[in-house]
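As you go down the protein sequences, you meet chains P and R in turn.
To get our numbering, take the position in the first sequence, counting from 1, and add 306.
To get our numbering, take the position in the second sequence, counting from 1, and add 190.
Backbone N, C-alpha and C fix where the C-beta goes; we use that ideal spot for every residue, glycine too.
Structure, as structure tokens:
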Amino acid sequence: NAGVTQTPKFQVLKTGQSMTLQCAQDMNHNSMYWYRQDPGMGLRLIYYSASEGTTDKGEVPNGYNVSRLNKREFSLRLESAAPSQTSVYFCASSPDRSYTFGSGTRLTVV
Amino acid sequence: AQSVSQHNHHVILSEAASLELGCNYSYGGTVNLFWYVQYPGQHLQLLLKYFSGDPLVKGIKGFEAEFIKSKFSFNLRKPSVQWSDTAEYFCAVHIQGAQKLVFGQGTRLTINP
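Laid out in structure tokens, this is it:
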């Protein structure tokens with residue numbers, strides 16, 4: 307099925323470990339986004355990429371880096387994971403104003 | 191800063207009751223408005239959206255929302271809820287030119303059979 311694919315679906319990290327969350331879309335969308343979802347806080351934008359080769363900070367970028375590898379792929383990296391980064395992470399893509407979300411990555415940092 | 195407020199954090203209703211979830215945003219320019227639903231353990235799905243035209247928009251599963259520009263509101267309604275509507279509902283605003291979607295905090299809806 308066409309859409310946004312995120313890997314992995316679940317991950318447990320120890321404090322200080324690093325990891326990369328992968329996101330790929332096959333809809334030829336220009337824009338891609340990374341959100342985190344925490345109880346009572348809705349979804350907060352971490353980083354976004356309006357087009358291939360560009361990235362911008364969202365509301366909560368600290369502790370994260372991103373790479374827009376090509377038009378299809380937008381990865382999110384945690385260089386040194388902290389318990390405060392325990393969350394569900396959603397990737398999304400958009401051609402303009404309509405967004406398609408991936409199924410999420412549930413990350414626990416212990 | 192632009193923000194989206196959903197004033198109801200948790201709503202509990204019985205089946206067949208009517209539903210209205212509030213959403214207000216703070217931005218004076220042109221906006222596009224969305225309601226998303228997240229069923230337990232699943233990702234976000236689009237319920238409905240408003241871009242322009244008739245301020246009363248109809249979405250899937252019998253949901254509708256009304257855009258009231260003067261009140262900066264986009265409330266979600268359903269005349270008669272079902273147990274299967276139990277989910278978390280998110281209002282979101284896309285600000286034209288900003289190329290990003292800002293979400294409200296979400297409203298957890300529990301429908302008792």
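Counting of Cβ neighbours within 10 angstroms places Met-333 (chain P) among the exposed residues, the total staying below 16. By the Cβ rule, the stretch 192-201 of chain R does not count as touching the stretch 363-371 of chain P, because fewer than three pairs are nearer than 8 Å. Contact of Tyr-405 (chain P) with chain R by beta-carbon distance below 9 Å involves Phe-224, Tyr-226, Leu-234, Leu-236, Ala-282, His-284 and Leu-291. Here Gly-212 (chain R) carries a coil assignment [DSSP, helix/strand/coil]. Think of a sphere of 8 Å around the beta carbon of Tyr-339 (chain P): the chain R residues whose beta carbon falls inside it are Lys-290 and Leu-291, in chain order. Counting C-beta atoms within 10 angstroms of its own C-beta, Ser-355 (chain P) has 16 or more neighbours from the protein chains shown and is therefore classed as buried. Three or more Cβ pairs drawn from the stretch 207-215 of chain R and the stretch 255-264 of chain R lie within less than 8 Å of each other, which places the two stretches in contact. Straight-line measurement puts the Cα of Val-221 (chain R) at about 6 Å from the Cα of Val-283 (chain R). At a cut-off of 8 Å between beta carbons, Gln-272 (chain R) makes no contact with chain P.
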